[in-house]
Amino acid sequence: MTKKALYTGSFDPLTYGHMDIIERASNICDELVVGVIYNLYKKPFFTTEERVKMIEEATAHISNVRVDSFSGLLANYVNENHFDIVVRGLRATTDFEYEIQMAQVNAGLYEGNTETIFLMTDPQYSFISSSAVRELYAFGASVEKYVPETVLHYIRKKMTREEKI
Ligand code: COA
Numbered sequence: 013m014t015k016k017a018l019y020t021g022s023f024d025p026l027t028y029g030h031m032d033i034i035e036r037a038s039n040i041c042d043e044l045v046v047g048v049i050y051n052l053y054k055k056p057f058f059t060t061e062e063r064v065k066m067i068e069e070a071t072a073h074i075s076n077v078r079v080d081s082f083s084g085l086l087a088n089y090v091n092e093n094h095f096d097i098v099v100r101g102l103r104a105t106t107d108f109e110y111e112i113q114m115a116q117v118n119a120g121l122y123e124g125n126t127e128t129i130f131l132m133t134d135p136q137y138s139f140i141s142s143s144a145v146r147e148l149y150a151f152g153a154s155v156e157k158y159v160p161e162t163v164l165h166y167i168r169k170k171m172t173r174e175e176k177i
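Residue numbers (our numbering): 13 to 177.
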């Protein structure tokens, strides 16, 4: 039976930390959908379309990865699309407390046998976050080692145009 997994987040922008999870998750399922979500509590810097495009470009070499976007409840998207697995990355124990609560709430909403699985982030990326990347870049620090080349182009283009975080 084929296993369909979802890795979701706001990816604003995609970082090497996310890429690490995408690459490893794609090895343990048949199809991996990277789901770009509109998070109600965050004002996005990149549009959903830009985020989808940058992830498509950065993951073009992984044949079983597809990128999509959605809004609303994660569980609704999971139920509508019949995902077997929801993948989450854990960077530190601080992530764990939030993640376990979210996984338990969602488990009560899944209509099928969807399982949440956690992959430990590679320690070299455990301190990265999308907002840290944006802030570093805005203040002139180098972010090459945190984001794929294609994402760097999007950041440069957007920051030059808007000149703000
Ligand atoms: N490497 C590097 N950074 C990582 C990472 C990794 N492996 N994993 C997470 N991060 C970073 C992200 O870049 C993000 O940084 P930011 O806060 O600077 O933007 C931060 O960690 C949090 O990431 P994440 O947990 O993926 O949050 P999110 O806002 O991107 O997405 C959802 C959270 C999508 C899972 C959650 O909001 C959700 O499910 N929303 C839908 C609504 C819903 O169903 N709510 C009910 C939930 S109980």
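We treat Cβ as the ideally placed atom computed from N, Cα and C, and that holds for glycine.
Because the structure is a prediction, the values reported are computed rather than measured.
Secondary structure at MET66: helix, using DSSP grouped into helix, strand and coil. Here DSSP, grouped into helix, strand and coil, assigns ILE167 to helix. Distance between VAL79 and ALA150, taken at the CA atoms: about 27 Å. Note that the C-beta distance between LEU44 and VAL159 is not below 9 Å. With distances taken between CA atoms, ILE129 lies nearest to GLY101 out of THR106, GLY101, LEU121. Residue side-chain check: VAL155 keeps its Cβ at 8 Å or more from all non-hydrogen atoms of the ligand COA. Looking at the DSSP output, LEU44 sits in a beta bridge with ALA17, VAL77. Between VAL77 and ARG63, the C-beta gap is not smaller than 9 Å, which leaves the two residues out of contact. In terms of side-chain proximity, the C-beta atom of HIS73 is found no nearer than 8 Å to any non-hydrogen atom of the ligand COA. Taken through DSSP and simplified to helix, strand or coil, PHE130 comes out as strand.
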